[in-house]
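*Asks:* Residue numbers (my numbering): 8 to 623.
Where a beta carbon is used, it is the ideal one built from N, C-alpha and C, also for glycine.
Computed from a predicted model, the values in this text were never measured in an experiment.
One structure is given below, represented as structure tokens, and several questions about it will come after.
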Ligand code: SER
């Protein structure tokens with residue numbers, strides 16, 4: 008027999024009292040004063056040893072079947088601990104413990120008291136629970152309150168693009184991407200939602216989703232799921248969940264391959280880039296000529312020959328084939344920078360031209376929604392889609408230009424026929440459908456940018472808590488990757504090899520290279536500046552000699568002298584100045600000699616014979 012600890016305590020205390028022989032009861036005046044009426048409380052006696060019994064209990068200090076039993080001065084059990092049991096049918100199973108010290112744990116609290124308290128979430132665990140029905144799966148609690156009836160959820164019964172949603176033929180079941188997303192989301196709700204899917208549409212045409220949404224406000228349906236785009240008109244009537252797929256409007260048009268033109272070699276650079284490049288060839292040629300002209304015989308000669316040298320030198324650097332030697336340090340510096348620039352420009356040109364000639368270029372007369380609006384050609388749209396209203400109301404396209412298309416095959420035929428044979432110039436539809444459409448048709452392509460940002464969601468009446476809970480569930484699906492897995496299951500198609508080919512040639516623009524040209528320009532200016540400084544310094548030396556010898560000092564004469572100085576070979580200038588310096592030195596010597604002999608003549612008498620002077 009199992010004896011509880013409290014029972015055991017009571018027995019102990021009674022034993023103590025009996026041992027003392029003091030069990031007595033007496034009337035209590037307070038009970039008589041209560042006048043319990045029919046309860047006859049005045050007939051009750053109270054136990055006289057009650058206080059003694061209480062004291063005895065509080066003094067207990069023993070180890071019972073569940074551990075230590077001891078009370079604190081307040082009468083509370085020290086280190087209370089509880090077993091957490093899982094009741095399974097008629098039996099029980101301990102799945103852990105709870106104590107004030109350690110919280111939930113699978114380790115007995117007695118063991119934990121000897122360790123430092125640990126309330127971390129990893130330690131707060133229990134063994135698995137077996138739930139009624141012998142299952143380890145947590146019950147979801149309450150059921151969505153709809154007065155016991157199933158939610159009537161409408162599903163558009165599509166006739167095209169059935170990968171998104173369609174009724175399984177011969178059954179009342181539905182299948183498709185949207186259905187799988189809905190099922191996965193509703194399974195994540197913390198409660199069960201009994202529902203019934205009801206087909207909407209005649210099964211011959213694609214139904215209008217706007218009409219379907221309207222029926223929710225009319226109370227015909229409790230919700231609608233499927234490829235329902237979240238657009239302003241509809242959000243005014245119902246609440247949508249978070250979008251579970253992105254799907255904006257795009258333009259699809261037939262595209263043709265472009266044959267590379269005879270002038271393809273000009274395409275890598277823009278006109279501006281070509282002009283600046285040519286200009287820099289000439290600038291660098293001129294700068295190197297200035298820097299070399301006075302030192303290098305390759306850059307000298309008659310003016311016509313020099314002009315040809317400048318052009319030939321600079322343009323041959325494009326192929327690193329220049330023959331002229333650069334002698335001056337500054338000239339070599341400028342040429343080094345320029346050859347680096349040429350290297351970059353050259354390799355960019357080669358890479359771009361290769362891609363232009365090898366990557367297939369495709370083109371279409373329709374380049375996007377703008378050119379479609381401005382043309383007068385018919386435009387196709389999906390039957391039942393909001394695209395029609397958008398084209399008419401938002402983009403102002405006349406209704407007479409719009410052609411309703413049902414099946415993907417109708418899209419293809421209308422696009423192939425083109426506007427001149429009763430077809431359409433382009434189709435405007437949501438990207439989700441178009442990606443499926445294009446997966447098997449390489450002769451068409453999305454042209455221009457997606458021009459609306461939409462998504463698909465599930466529709467619920469206004470303020471429905473289900474819309475909020477399903478939104479959370481959709482976000483969970485998106486975060487755990489399930490949404491992508493469902494997408495890949497239904498909508499993954501091998502893309503057409505033409506997709507991703509370019510409609511526009513990417514030409515290299517000046518903005519990618521201006522840094523290079525700036526660097527080269529700065530190098531040229533710097534070299535020119537140093538060169539001019541050197542020339543001016545030399546000229547001031549040379550000029551002083553020239554002026555001294557010629558005696559000309561007017562400004563125009565100086566300028567003329569400077570220009571002819573700048574044109575002269577440095578070697579010649581140097582040797583001439585040297586010669587002149589020598590001449591001047593000898594002249595000075597001669598003058599000095601003449602002067603001293605004159606002085607001697609003056610100082611010695613004319614009749615004095617040399618002999619006499621020698622003697623002197
Ligand atoms: N997705 C389209 C719409 O919402 C067609 O069903 O109108």
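Is the closest heavy atom of the ligand SER to the C-beta of residue 459 under 8 Å?
*Replies:* No - the ligand SER has no heavy atom lying nearer than 8 Å to the Cβ of residue 459.
*Asks:* From the DSSP output, which residues share a beta bridge with residue 258?
*Replies:* According to DSSP, residue 258 bridges with 435 and 454.
*Asks:* What residue ranges within the segment 93-136 form continuous beta strand (DSSP E) runs of no fewer than 3 residues, ordered along the chain?
*Replies:* Here the runs fully enclosed are 98-106 and 110-112.
*Asks:* State whether the segment 297-307 contacts the segment 531-551, with contact taken as three or more CB pairs (one from each stretch) at a distance under 8 Å.
*Replies:* Counting Cβ pairs under 8 Å, three or more are found: they touch.
*Asks:* Check whether the segment 254-266 touches the segment 347-359, counting contact only when three or more Cβ pairs, one atom from each stretch, lie closer than 8 Å.
*Replies:* Contact between the segment 254-266 and the segment 347-359 is absent, because fewer than three Cβ pairs lie under 8 Å.
*Asks:* Measure the C-alpha to C-alpha separation of residue 200 and residue 208 and round it to an integer number of angstroms.
*Replies:* Computed Cα separation, rounded: 24 Å.
*Asks:* According to DSSP, what are the bridge partners of residue 206?
*Replies:* Answer is 162, bridged to residue 206.
*Asks:* Give the secondary structure of residue 145 by DSSP, where H, G and I count as helix, E and B as strand, and everything else as coil.
*Replies:* Correct three-state label for residue 145: coil.
*Asks:* State buried or exposed for residue 174, treating a residue as buried only when at least 16 other CB atoms are found within 10 Å of its CB.
*Replies:* So residue 174 counts as buried.
*Asks:* Going by the CB atoms, is the gap between residue 418 and residue 459 shorter than 9 Å?
*Replies:* The answer is no: Cβ separation not under 9 Å.
*Asks:* Take every Cβ of the segment 129-138, pair it with every Cβ of the segment 378-393, and state whether three or more of those distances are shorter than 8 Å.
*Replies:* Too few Cβ pairs lie closer than 8 Å, so no.
*Asks:* If you scan the segment 374-400 from start to end, which runs of the alpha helix (DSSP H) of 4 or more residues do you find wholly inside it?
*Replies:* Whole alpha helix (DSSP H) segments, 4+ residues: 376-381.
*Asks:* Who are the Cβ neighbours of residue 494 in its own chain at under 8 Å, not counting the five residues just before and after it?
*Replies:* Taken in chain order, the residues that qualify are 184 and 252.
*Asks:* Start and end of the beta strand (DSSP E) containing residue 244?
*Replies:* Here residue 244 belongs to no beta strand (DSSP E), and DSSP marks it neither H nor E.
*Asks:* Exposed or buried, what is residue 310 when buried is set at 16 or more other beta-carbons lying within 10 Å of its beta-carbon?
*Replies:* Result: exposed.
*Asks:* Measuring straight from C-alpha to C-alpha, what distance separates residue 562 and residue 522?
*Replies:* Between residue 562 and residue 522, the C-alpha separation is close to 41 Å.
*Asks:* I'd like the span of the alpha helix (DSSP H) that includes residue 195, first residue to last.
*Replies:* Residue 195 -> no alpha helix (DSSP H), and no H or E assigned at all.
*Asks:* How many whole angstroms separate the CB atoms of residue 470 and residue 246, which I take to be in contact at a CB cut-off of 8 Å?
*Replies:* Contact holds; Cβ gap of about 7 Å.
*Asks:* With distances taken between CB atoms, is the gap from residue 261 to residue 423 smaller than 9 Å?
*Replies:* Cβ atoms of residue 261 and residue 423: closer than 9 Å.
*Asks:* Please state whether the Cβ-Cβ distance between residue 75 and residue 117 is less than 9 Å.
*Replies:* Cβ distance < 9 Å, so residue 75 and residue 117 count as in contact.
*Asks:* Pull up the DSSP beta-bridge partners for residue 76, would you.
*Replies:* DSSP, once it has assigned bridges, lists 69 as partnering residue 76.
*Asks:* Indicate, with yes or no, if the ligand SER has a heavy atom lying under 8 Å from the CB of residue 254.
*Replies:* Checking every heavy atom of the ligand SER against the Cβ of residue 254, one is found closer than 8 Å.
*Asks:* Residues in its own chain within less than 7 Å of residue 621 by CB, not counting five upstream and five downstream?
*Replies:* Bear in mind that the predicted position of residue 621 carries a pLDDT of just 38, short of 50, making it unreliable; the figure below should be weighed with that in mind. There are no such residues.
*Asks:* Counting along the chain, where does the alpha helix (DSSP H) carrying residue 572 start and finish?
*Replies:* Its alpha helix (DSSP H) spans residues 562-574.
*Asks:* Using the beta-carbon count (16 or more within 10 Å), is residue 249 buried or exposed?
*Replies:* Residue 249 is buried by the Cβ-count criterion.
*Asks:* Judging by CA-CA distance, which residue of 61, 106, 107 and 139 is the nearest neighbour of residue 98?
*Replies:* Residue 139 is the option with its Cα nearest to residue 98.
*Asks:* Is there contact here, the segment 321-339 with the segment 358-370, by at least three beta-carbon pairs under 8 Å?
*Replies:* With the cut-off at 8 Å, the segment 321-339 and the segment 358-370 do not touch.
*Asks:* Taking residue 54 as part of the alpha helix (DSSP H), name the residues at either end of that continuous run.
*Replies:* No alpha helix (DSSP H) contains residue 54, which is instead part of the beta strand (DSSP E) from 52-54.
*Asks:* Mind checking whether residue 342 and residue 283 have CB atoms under 9 Å apart?
*Replies:* Contact: no.
*Asks:* Sorry if obvious, but does the Cβ on residue 385 come closer than 8 Å to a heavy atom of the ligand SER?
*Replies:* Not under cutoff, so the answer is no.
*Asks:* Which value, in whole angstroms, describes the spacing of the CA atoms of residue 371 and residue 227?
*Replies:* The straight-line gap from Cα to Cα measures roughly 46 Å.
*Asks:* What did DSSP end up calling residue 184 once you bin it into helix, strand or coil?
*Replies:* Reduced to three states, the DSSP call for residue 184 is helix.
*Asks:* Do residue 111 and residue 104 have their C-beta atoms closer together than 9 Å?
*Replies:* Against a cut-off of 9 Å, the Cβ pair of residue 104 and residue 111 comes out as a contact.
*Asks:* Leaving out the 5 sequence neighbours to the left and right, which residues in its chain are closer than 8 Å to residue 534 when beta-carbon positions are compared?
*Replies:* Result list for residue 534: 294, 298, 337, 338, 340 and 341, in chain order.
*Asks:* Just how far apart, CA to CA, sit residue 237 and residue 411?
*Replies:* C-alpha separation (whole angstroms): 21 Å.
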